[in-house]
Amino acid sequence: MSMINLEFWYWLILAAVLFTLEIFAPGAILMWFGFGAALTGLILWLVPDLALAWQLLLFGASSLLSLLAWRQSPWFRDPPPPEPELNNRLLSQIGKQYVLNEPIVQGSGSIRIGDTTWRVRGTDLPAGTRVKIVGVEGIILLVEAV
1 MSMINLEFWY WLILAAVLFT LEIFAPGAIL MWFGFGAALT GLILWLVPDL ALAWQLLLFG
61 ASSLLSLLAW RQSPWFRDPP PPEPELNNRL LSQIGKQYVL NEPIVQGSGS IRIGDTTWRV
121 RGTDLPAGTR VKIVGVEGII LLVEAV
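Each step along the sequence shown adds one to the number in our numbering, with nothing skipped, and position 93 is 93.
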C-alpha cells in the first residue's frame with residue numbers, strides 16, 4: 001500500500017479555491033476552511049515530511065478553531081437594537097413639556113407639537129396649562145400638570 005504524499009502547494013491551491021468559492025457562496029463559511037488549508041500548507045512547507053494523517057488533523061483543527069474564533073468575535077454578533085424611541089415620535093416626547101391647546105375636559109384634550117395637534121388624556125385642566133408628557137397609549141399622550 002502506497003502512502004499518499006501531499007505537497008504544501010496542494011494545500012495552498014485548496015486554500016485559493018476555497019477563498020474564491022467564498023466570493024460566490026454566502027455565509028462566510030468556506031473562508032475559514034481556506035484559512036485552515038493555508039495554515040496546513042504553511043506548516044507543511046516548514047515540515048515537509050509531515051504525515052497525511054497529521055496534515056488532515058491540522059487542517060480540520062485549524063479550520064474549526066478559526067471558525068469558532070470568528071463566531072465568538074464581535075464582528076459576528078448582531079448589532080445592538082436601536083433605541084426604542086427611534087422613529088417613534090410619540091415615545092420620544094415622554095418627559096417633555098407643552099402648553100394645552102384645549103382644556104382637558106372629562107379626561108380628554110389636545111396639545112400642539114410642531115405642526116400637529118395630538119390628543120391627550122389626563123386630569124381636567126384649563127387651556128394654557130403647562131403639562132408634562134408622562135406616557136403614551138396608542139396615539140394618545142398621557143399628561144400631568146407641571
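Every residue, glycine too, gets a C-beta built ideally from N, C-alpha and C. Computed from a predicted model, the values in this text were never measured in an experiment.
- Query: By DSSP, does L68 sit in helix, in strand, or in coil?
  - Reply: The residue labelled residue 68 in the question sits at position 68 within the sequence shown. In the structure shown, L68 sits in a helix (DSSP, three-state: H, G or I).
- Item | Cβ neighbour criterion (16 or more within 10 Å) applied to V143 | The residue labelled residue 143 in the question sits at position 143 within the sequence shown. Classification for V143: buried.
- Message: Just list the residues that DSSP pairs W118 with in beta bridges.
- Response: Along the sequence shown, read from residue 1 onward, the residue named residue 118 stands at position 118. Beta-bridge pairing links W118 to I111.
- Spatial neighbours of L141 within its chain, please: CB distance less than 6 Å, with the 5 preceding and 5 following residues excluded, ordered by chain position. Translated into the one-based positions of the sequence shown, residue 141 becomes position 141. W118, V120, I133.
- Count the other CB atoms, across all protein chains shown, that sit within 10 Å of the CB of T40; report buried if there are 16 or more and exposed otherwise. If you number the sequence shown from 1, residue 40 lands on position 40. A residue is called buried once 16 or more other Cβ atoms fall within 10 Å of its Cβ, and T40 is buried on that count.
- Task: Confirm, please, whether the CB-CB distance from I43 to L30 is below 8 Å.
- Result: For this step, residue 30 is matched to residue 30 along the sequence shown. For this step, residue 43 is matched to residue 43 along the sequence shown. Not in contact: L30 and I43 (Cβ atoms no closer than 8 Å).
- Task: Can you tell me the Cβ-Cβ gap for L14 and A37, rounded? I've got them flagged as a contact below 8 Å.
- Result: Position 14 of the sequence shown holds residue 14. Position 37 of the sequence shown holds residue 37. Rounded, the Cβ-Cβ distance is 4 Å, consistent with contact.
- Message: Do L6 and Q55 count as a contact pair if the criterion is CB distance below 8 Å?
- Response: Within the sequence shown, numbered from 1, the residue matching residue 55 stands at position 55. Within the sequence shown, numbered from 1, the residue matching residue 6 stands at position 6. It is a contact, given that the beta carbons lie within the stated cut-off.
- Message: Using a 10 Å radius around the Cβ and a threshold of 16 neighbouring Cβ atoms, would you call I111 buried or exposed?
- Response: The sequence position of residue 111 within the sequence shown is 111, counting from 1. So I111 ends up on the buried side.
- Task: Could you please give the first and the last residue of the uninterrupted beta strand (DSSP E) stretch that includes I140?
- Result: Here the question's residue 140 lines up with position 140 in the sequence shown. Where I140 is concerned, the enclosing beta strand (DSSP E) stretches over 140-145.
- Message: I'd like to know whether the C-beta atoms of E22 and A16 end up nearer to each other than 8 Å.
- Response: Against the sequence shown, residue 22 aligns to sequence position 22. Against the sequence shown, residue 16 aligns to sequence position 16. The beta carbons of E22 and A16 sit no closer together than 8 Å.
- Thinking C-beta only, is I104 closer than 8 Å to L125? In the sequence shown, the residue the question calls residue 125 occupies position 125. In the sequence shown, the residue the question calls residue 104 occupies position 104. Pairing L125 with I104 gives a Cβ-Cβ distance under 8 Å.
- Query: What separation, rounded to the nearest whole angstrom, lies between the Cα atoms of G60 and G138?
  - Reply: Locating residue 60 in the sequence shown gives position 60, where the first residue counts as 1. Locating residue 138 in the sequence shown gives position 138, where the first residue counts as 1. Distance from the CA of G60 to the CA of G138, rounded to the nearest whole angstrom, comes to 55 Å.
- Answer with buried or exposed for G128, where buried requires no fewer than 16 other C-beta atoms within 10 angstroms of its C-beta. Position 128 of the sequence shown, counting from 1, holds the residue named residue 128. With fewer than 16 Cβ atoms within 10 Å of its Cβ, G128 is classed as exposed.
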